[in-house]
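Numbering (our numbering), first residue to last: 57 to 302.
Every residue gets a Cβ at the ideal spot worked out from N, C-alpha and C, and that includes glycine.
Bear in mind that the values here come from a model prediction, so they are computed numbers and not experimental data.
Encoded as structure tokens, the structure appears first; notes follow it.
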Amino acid sequence: MKQYEAVIKTMEKNGGFATLGFLYNEALKIPDVEWKTKTPFASIRRIVQDKRFFFKIKPGLWALKRWKDRLPFNLQPHKEISEQTQNEFNHAYYQGLLVEIGNLKGYKTFVPGQDKNKVFLNKKLFEITTAKEFYQFSYDNIIQKAKTIDVTWFNIRKMPNSIFEVEYSTDIQNSLLKFVELQDFNISMFIVTDGVRQREFQTKLNLNAFLSIKKRVRFLDYEKLADWHSKIYEFTNLEREILYKD
Numbered sequence: 057m058k059q060y061e062a063v064i065k066t067m068e069k070n071g072g073f074a075t076l077g078f079l080y081n082e083a084l085k086i087p088d089v090e091w092k093t094k095t096p097f098a099s100i101r102r103i104v105q106d107k108r109f110f111f112k113i114k115p116g117l118w119a120l121k122r123w124k125d126r127l128p129f130n131l132q133p134h135k136e137i138s139e140q141t142q143n144e145f146n147h148a149y150y151q152g153l154l155v156e157i158g159n160l161k162g163y164k165t166f167v168p169g170q171d172k173n174k175v176f177l178n179k180k181l182f183e184i185t186t187a188k189e190f191y192q193f194s195y196d197n198i199i200q201k202a203k204t205i206d207v208t209w210f211n212i213r214k215m216p217n218s219i220f221e222v223e224y225s226t227d228i229q230n231s232l233l234k235f236v237e238l239q240d241f242n243i244s245m246f247i248v249t250d251g252v253r254q255r256e257f258q259t260k261l262n263l264n265a266f267l268s269i270k271k272r273v274r275f276l277d278y279e280k281l282a283d284w285h286s287k288i289y290e291f292t293n294l295e296r297e298i299l300y301k302d
């Protein structure tokens, strides 16, 4: 079997689509394929850009051309659905990437109750999160704000390590106000949004109201998030090969 056929077969088994991270994890398991390269992940990245067989749905997510009409509803390019619905699909997708990254890094991951039933690829978000309850690490008034943040990673001591607000179309300032409530904790804070909003992000962050968190909040665009997602799968596979290979 040729390399591109292994990628096609992996996507077919997954419903006609896959993240790069999923392909890194599964395509190399397909039997009777000779990769004959020290950089199989680079080969997979090259293969999915072959427009004869594949197309890009969104950052980090690829699909088979001949499966286009059979993809899950939330992944199909739609003209008939509202912009709000499409934004919700995209919001859940980026939340899911963040959850999977956190899981692979060994954190307990949490999304708010109102988001748990939203669909990430072919699963609901609650199916991939590992913290089923929001840990009570502080006073009730702080917890009530913190538990509405889009994605939280908790460390082994059940303290928040990193928090992420995905801003697909909403006001960045509202997310920064949530972060201010957590200024007394040693937490990494991220605004995740389209790269074109970086200037808007910086303008809002420079307001005096956010002086206490100005040096702690980072901007993460969708393309970099997708790259982070694929790279963490690449690293995990490489580490497994080094540490556990017979």
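Simplified DSSP state of residue i, which is helix, strand or coil
i       : result
Asp-277 : strand
Pro-87  : coil
Phe-210 : strand
Lys-180 : strand
Thr-93  : coil
Glu-237 : coil
Lys-107 : coil
Ala-187 : coil
Asn-130 : helix
Lys-287 : helix
Ile-205 : coil
Lys-270 : coil
Asn-242 : coil
Gln-192 : coil
Lys-161 : coil
Asp-227 : coil
Span separating the alpha-carbon of residue i from that of residue j
i       : j       : result
Glu-321 : Lys-124 : For the chain, the structure presents residues 57 to 302; residue 321 sits outside this window and is missing.
Asn-264 : Asn-242 : 21 Å
Leu-79  : Leu-160 : 15 Å
Lys-280 : Glu-221 : 15 Å
His-147 : Ile-269 : 24 Å
Arg-101 : Lys-94  : 14 Å
Phe-257 : Leu-154 : 20 Å
Phe-266 : Gly-251 : 21 Å
Asn-143 : Gln-170 : 15 Å
Ile-184 : Glu-156 : 7 Å
Lys-121 : Thr-66  : 14 Å
Leu-233 : Gly-152 : 23 Å
Gly-72  : Asn-293 : 23 Å
Asp-240 : Ile-212 : 19 Å
Trp-284 : Tyr-278 : 10 Å
Met-193 : Asp-206 : The sequence shown places Phe at residue 193, not Met. Cα-Cα distance, rounded: 17 Å.
Glu-68  : Lys-180 : 20 Å
Ile-103 : Asn-70  : 17 Å
Val-92  : Phe-166 : Reading off the sequence, residue 92 comes out as Lys, not Val. One C-alpha to the other measures close to 40 Å.
Ser-286 : Gly-77  : 4 Å
In DSSP terms, what residue i is bridged to
i       : result
Trp-118 : Ala-74, Lys-112
Ile-137 : According to DSSP, Ile-137 bridges with nothing at all.
Ile-247 : Glu-221, Phe-275
Val-175 : Lys-180
Residue i - containing beta strand (DSSP E), residue span
i       : result
Asn-333 : With the chain represented from 57 up to 302, any question about residue 333 goes unanswered, as that position is not in the structure.
Thr-165 : 164-166
Any non-hydrogen atom of the ligand MG within 7 Å of residue i CB
i       : result
Ser-268 : In terms of ligand content, the structure shown is empty, and the ligand MG therefore cannot be addressed.
Rounded distance between the beta-carbons of residue j and residue i, thought under 8 Å
i       : j       : result
Leu-117 : Thr-75  : 5 Å
Tyr-163 : Phe-210 : 6 Å
Val-89  : Ala-119 : About 21 Å; that fails the 8 Å criterion.
Tyr-195 : Lys-214 : So it is not a contact: roughly 15 Å between Cβ atoms.
Leu-131 : Ile-113 : 6 Å
Met-245 : Ile-219 : 6 Å
Phe-97  : Tyr-60  : The pair is not a contact, with the Cβ atoms about 15 Å apart (cut-off 8 Å).
Tyr-149 : Phe-111 : Going by Cβ atoms, the distance from Tyr-149 to Phe-111 rounds to 16 Å, so no, they are not a contact pair.
Glu-237 : Lys-201 : 5 Å
Ile-247 : Leu-276 : 7 Å
First and last residue of the uninterrupted alpha helix (DSSP H) at residue i
i       : result
Ala-202 : 196-202
Phe-257 : 254-261
Tyr-60  : 59-69
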